[in-house]
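See below for the structure under consideration.
Residue numbers (my numbering): 37 to 156.
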């Protein structure tokens, strides 16, 4: 059995580096629904249907770095875990990438969870 040659570049870096290649190409598009991968348009990486507008690769890069800066400014650093309570939206991708930039793992919880299901 042949071994698969995996990239040594972290996943979040692979995604963010595409922002230089694709720039203003739409990465997350507003189509009134939910976040899902699209195979019908090679220019789109994901389609988000619950946002206020389209998000380009460049926007994802900027917003992810801004979120990473925010996390750092409140004292979070590599190894600190973050609980994410968000609906399925383009913001989840930005939060994931921003947290990954500073080495913080995410744990997600449904935005529809009741208080009784959220315990520490």
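Where is the CB? At the ideal position from N, CA and C, for every residue including glycine.
The residue among 38, 101, 39 with its C-alpha nearest the C-alpha of residue 135 is 101.
With distances taken between CA atoms, residue 132 lies nearest to 107 out of 107, 54, 147.
Residue 123 holds the alpha-carbon nearest to the alpha-carbon of residue 145 among 123, 138, 48, 129. At a Cβ-Cβ threshold of 8 Å, residue 138 and residue 112 count as neighbours. For residue 140, same chain residues with a beta-carbon under 8 Å away, outside a window of 5 residues either side, are 107, 112, 113, 114, 115, 116, 117, 118 in chain order. The C-beta of residue 51 has 16 or more other C-beta atoms within 10 Å across all chains shown, which makes the residue buried. For residue 142, the uninterrupted beta strand (DSSP E) segment begins and ends at 142-145.
Between the C-alpha atoms of residue 95 and residue 143 there is a straight-line separation of about 24 Å. Look at residue 118 here: in three-state DSSP terms it is strand. Of 92, 152, 125, the smallest CA-CA separation from residue 57 is found for 92.
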